[in-house]
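Student: Chains as they are written, first to last, in the UniProt record's numbering: chain A, 1 to 423; chain B, 1 to 423.
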């Protein structure tokens with residue numbers, strides 16, 4: 001971090017005081033002129049809505065822009081497409097289910113708890129079929145984890161294409177999941193028949209028409225994978241796999257199989273469509289990386305950003321963003337205002353969450369000059385988020401998945417932000 | 001804890017294996033008879049809903065019972081009433097805004113961000129009026145806190161009256177709040193004029209017709225109080241104070257003033273209606289406890305409970321519940337199955353959260369005999385949640401507020417649970 005570029009606390013307070021003076025001036029005139037201060041308002045003189053009107057509360061009409069959105073030209077059909085989380089407008093770390101991104105391969109299906117079955121078969125001592133009610137009888141756990149689609153930020157391989165952090169980085173959500181450790185169900189079926197577990201696999205598939213089958217090494221299956229039935233306390237939304245989905249912490253979202261119906265223990269990976277022709281990374285020489293499950297450390301500034309311009313002019317400015325790593329905890333995030341020449345260490349909203357979103361802030365005194373905003377994350381393994389050029393050097397430009405490059409927003413003197421590339 | 005009554009891990013696994021054998025038997029016949037296993041289902045052969053159908057995702061129709069509910073006879077009108085969180089059906093710790101309890105004194109008002117003003121006046125160096133945009137320029141924080149109405153469980157003073165944990169304990173929610181520390185705004189206005197801060201107060205009031213004014217000691221105001229504008233990442237729901245509410249961690253919900261419009265620094269408490277004739281506790285001798293802000297340690301079993309009977313018969317049973325303390329962290333929760341004669345220490349879902357809900361579990365092998373289920377919480381101060389009798393001994397039976405007694409559910413051999421009292 002360049003000390004020269006770090007605004008001192010005193011400098012910030014000076015900026016803050018200046019803004020306050022502005023506020024005071026405003027208030028002084030407001031006290032005689034602003035009817036919001038001088039007059040009794042409608043909402044203070046008449047009663048509001050009763051509790052019988054809101055058995056399930058929706059966002060207020062003024063927030064109707066904070067919704068998921070898809071990009072029509074990105075996919076051939078909305079039943080095999082993505083709805084992006086409005087991360088530009090969210091704060092903190094929890095993503096409400098109602099606006100948590102969705103990705104389907106053959107549409108979101110409607111499956112009653114009563115009709116739900118989960119089979120465990122293959123190299124097990126006794127194949128089992130669990131009902132939903134069976135799953136509720138196993139000891140359960142709660143963990144907050146991020147779920148990121150491998151294709152998140154994938155359009156950035158070809159340059160700065162989508163002008164909004166919702167679209168460049170919105171294939172992610174972060175929820176508190178409740179579920180049964182997969183290991184408990186595998187042990188229930190008995191893994192004696194599988195012999196040495198070291199080189200074994202499970203193949204997981206969903207009940208929807210795509211089935212979206214994926215192979216998971218036994219080591220991960222026995223570690224922190226959850227068979228989950230609640231998110232943020234509630235039943236899963238239909239689009240998130242109601243009534244049961246897999247949670248594969250830190251690993252690409254495609255493996256978090258929704259409407260999970262079968263888990264087969266096997267001695268080889270299945271090499272399904274979703275792990276051969278899809279969800280592999282074609283390199284410069286034409287060969288493909290595969291089994292690239294872990295989502296590397298990544299961060300992005302959510303505000304200011306193209307959908308969140310600075311509207312208040314110079315002075316105190318809150319730079320807010322998100323960081324995450326599939327390898328564990330985020331230990332540090334740096335922010336640059338000059339396209340990566342100098343860096344300042346951001347303040348982390350909360351430390352210690354593993355494989356979960358971490359909020360970071362840089363509170364600055366903006367001088368009104370244009371900025372090239374960037375963030376770079378570091379995780380507990382010592383890994384540092386790479387630049388786009390560094391990523392292209394290693395992986396070429398044929399990839400779709402696993403783009404965790406440093407993102408750049410150009411913010412002009414008017415506060416308008418734009419997705420740009422710097423070299 | 002009585003070791004005799006603690007089911008050993010082996011006993012639990014035996015029970016679990018027995019259930020599995022049952023499952024296997026079911027599955028074996030299912031493989032020839034259960035069309036859910038043998039036949040290709042509709043949802044696996046046709047495509048589902050596309051992403052364009054769910055810009056904001058609602059709970060699936062099968063979960064339409066998981067909503068807030070009021071108790072019609074409890075209050076004269078729904079605009080001055082309570083809608084209870086469906087905590088019987090929730091898991092984990094986060095409460096989604098859509099089903100987080102609401103309590104109004106004159107209804108939920110609709111107030112645009114553009115029309116929002118927050119005044120700080122009284123004993124300050126310069127009175128200030130903040131717009132919503134001003135608040136967004138101060139360094140912000142994120143914390144998960146519970147908000148409990150002082151009247152939560154209030155009906156239990158008179159005995160076991162409401163047959164459902166949603167109604168006995170549902171005036172509580174737990175959300176990740178984003179906001180500006182109140183101390184930052186007070187310092188912006190300048191507290192020099194207030195002199196010695198030790199015996200000073202702030203009086204806070206809302207923009208709704210009730211104004212719901214409350215006095216808060218300066219020490220608390222400068223500690224962890226937040227002027228909050230987001231909950232679980234999103235803007236506050238209208239019923240939770242959109243666009244800005246106060247968050248007073250660990251203290252009674254009535255002080256978490258919604259639509260907050262004014263904060264006055266003063267050298268005495270204001271002794272408003274809401275802190276004299278209401279939100280005080282009338283004792284046996286006719287005197288009243290007042291300034292009883294902190295919510296003492298409390299816990300309750302959410303499942304099984306009257307709204308969540310055991311439907312699977314004997315064998316493995318997950319007992320799930322919530323614990324919280326306004327004084328800090330929950331350090332231990334014990335569960336009794338015999339009305340408080342013997343106790344077993346529960347497993348905490350996650351430790352370390354302060355002034356936030358903690359999920360606890362006891363995974364048992366139910367023998368099918370009737371149970372008197374209880375939970376008792378302990379917090380970091382060493383405080384132990386009292387029985388109903390202990391509470392009545394100290395406080396009499398005239399109170400409405402601050403009932404944190406141990407709750408008892410009688411579960412019969414059929415698994416039906418009922419709200420009862422034990423002495």
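The beta carbon of each residue, even a glycine, is placed where N, CA and C say it ideally should be. Since the structure is predicted, the reported quantities are computational estimates derived from the model, not experimental observations.
For residue 302(A) versus residue 321(A), is the C-beta distance shorter than 8 Å?
Tutor: Going by C-beta atoms, residue 302(A) is nearer than 8 Å to residue 321(A).
Student: With a threshold of 8 Å between beta-carbons, can residue 413(A) be considered close to chain B, or not?
Tutor: With 8 Å as the cut-off, residue 413(A) does not count as an interface residue toward chain B.
Student: By how many angstroms is the C-alpha of residue 86(A) removed from the C-alpha of residue 102(A)?
Tutor: C-alpha separation (whole angstroms): 12 Å.
Student: Is there at least one Cβ from chain B nearer than 8 Å to residue 264(A)'s Cβ?
Tutor: Judged by the 8 Å Cβ criterion, residue 264(A) is not in contact with chain B.
Student: Need the endpoints of the beta strand (DSSP E) that residue 181(A) sits in, please.
Tutor: Residues 172-181.
Student: With 9 Å as the limit, tell me which residues of the stretch 137-167 of chain B have their beta carbon closer than that to any beta carbon of chain A; keep them in chain order.
Tutor: Answer set for the stretch 137-167 of chain B: 137, 138, 139, 140, 141, 142, 143, 144.
Student: DSSP state of residue 27(A), grouped into three classes?
Tutor: Caution applies to residue 27(A), whose pLDDT of 39 falls short of 50 and renders its modelled position unreliable; the model cannot decide the point.
Student: For residue 55(B), go through chain A and note every residue whose CB falls closer than 8 Å to its CB, in chain order.
Tutor: Going along chain A in sequence order, the residues near residue 55(B) (Cβ under 8 Å) are 67, 68, 69, 83.
Student: Could you name each continuous beta strand (DSSP E) segment of 3 residues or more that falls completely within the stretch 213-292 of chain B, going from the start of the chain to the end?
Tutor: Entirely contained in the stretch 213-292 of chain B, the beta strand (DSSP E) runs reaching 3 residues are, in chain order, 214-217, 226-231, 245-247, 260-266.
Student: Kindly say whether residue 26(A), judged by its beta-carbon, lies nearer than 8 Å to any beta-carbon of chain B.
Tutor: Below a pLDDT of 50, predicted positions are generally treated as unreliable, and residue 26(A), at 37, falls in that range; the measurement from the model is reported next regardless. Interface residue, yes.
Student: Taking only runs of the beta strand (DSSP E) that begin and end inside the stretch 81-148 of chain A, which ones reach a length of at least 3 residues, in chain order?
Tutor: The qualifying runs are 117-122, 128-131, 141-148.
Student: What three-state label does DSSP hand residue 168(B) in the structure shown?
Tutor: Correct three-state label for residue 168(B): helix.
Student: Is the beta carbon of residue 397(B) closer than 8 Å to that of residue 158(B)?
Tutor: A contact, by the Cβ cut-off of 8 Å.
Student: Using a cut-off of 8 Å between C-beta atoms, extract the partners of residue 99(B) located in chain A.
Tutor: 56, 57, 234, listed in chain order.
Student: Quick check: the Cα distance between residue 185(B) and residue 137(B), rounded to an integer number of angstroms?
Tutor: Between residue 185(B) and residue 137(B), the C-alpha separation is close to 11 Å.
Student: Given this structure, state the Cα-to-Cα distance separating residue 100(B) from residue 257(B), to the nearest angstrom.
Tutor: So the two alpha carbons sit approximately 16 Å from each other.
Student: Output, in chain order, the set of chain A residues within a Cβ distance shorter than 9 Å of residue 113(B).
Tutor: The answer, in chain order, is 62.
Student: Using 8 Å as the Cβ pair cut-off and three pairs as the minimum, do the stretch 211-219 of chain B and the stretch 169-181 of chain B touch?
Tutor: Verdict: no, contact absent.
Student: With DSSP as the reference, identify every bridge partner of residue 319(B), one or two as the case may be.
Tutor: Partner(s): 362(B).
Student: Within 10 angstroms of the Cβ of residue 81(B), are there 16 or more other Cβ atoms? Answer buried if so, exposed if not.
Tutor: The residue is buried, with at least 16 neighbouring Cβ atoms inside 10 Å.
Student: On the DSSP letters alone, give me the boundaries of the alpha helix (DSSP H) that residue 389(B) sits inside.
Tutor: First-last of the alpha helix (DSSP H) with residue 389(B): 388-395.
Student: Give me the Cα-Cα distance between residue 146(B) and residue 248(B), rounded to the nearest whole angstrom.
Tutor: If I take the Cα positions, the gap works out to 10 Å.
Student: Establish whether the CB of residue 96(B) and some CB of chain D are separated by less than 8 Å.
Tutor: Among the protein chains of the structure shown, namely A and B, there is no chain D.
Student: Is the beta carbon of residue 333(A) sitting closer than 8 Å to the one on residue 377(A)?
Tutor: Against a cut-off of 8 Å, the Cβ pair of residue 377(A) and residue 333(A) comes out as a contact.
Student: Measure the alpha-carbon distance for residue 306(A) versus residue 373(A) and round it to whole angstroms.
Tutor: Computed Cα separation, rounded: 11 Å.
Student: According to DSSP, simplified to helix, strand and coil, what is residue 294(B)?
Tutor: Note: residue 294(B) maps to strand in three-state DSSP.
Student: Please report whether the beta-carbon of residue 409(A) lies at a distance below 8 Å from any beta-carbon of chain B.
Tutor: Chain B contact via Cβ: absent.
Student: Below 7 Å between beta carbons is the criterion; list the residues of the stretch 211-237 of chain B that meet it against any residue of chain A, in chain order.
Tutor: From the stretch 211-237 of chain B, only 230, 232, 233, 234, 235, 237 have a Cβ closer than 7 Å to chain A.
Student: For residue 255(B), which residues from the same chain have a beta carbon less than 8 Å from its beta carbon, with the 5 sequence-adjacent residues on both sides left out?
Tutor: Correct list, in chain order: 204, 214, 216, 246, 248, 293.
Student: When you compare each of 45(B), 331(B), 389(B) to residue 357(B) by their alpha carbons, which one comes out closest?
Tutor: When only C-alpha atoms are compared, the closest one is 331(B).
Student: By Cβ distance, which residues of its chain are closer than 7 Å to residue 5(A), with the 5 residues on each side in sequence left out?
Tutor: Annotation note: pLDDT 34 at residue 5(A) (below 50); position unreliable, no value reported.
Student: From what residue to what residue does the beta strand (DSSP E) around residue 336(B) run?
Tutor: Note, residue 336(B): beta strand (DSSP E), 330-336.
Student: Among 280(B), 319(B), 261(B), whose alpha-carbon lies nearest the alpha-carbon of residue 117(B)?
Tutor: If we check each option's Cα against that of residue 117(B), 261(B) comes out closest.
Student: Determine the chain B residues that contact residue 181(A) at a beta-carbon separation under 9 Å, and present them in chain order.
Tutor: Going along chain B, no residue has its Cβ under 9 Å from residue 181(A), so there is no contact; the nearest lies around 12 Å.
Student: Go to residue 36(B), then tell me how far its alpha helix (DSSP H) extends in each direction, as first and last residue.
Tutor: 35-38 is the span of the alpha helix (DSSP H), which, as asked, contains residue 36(B).
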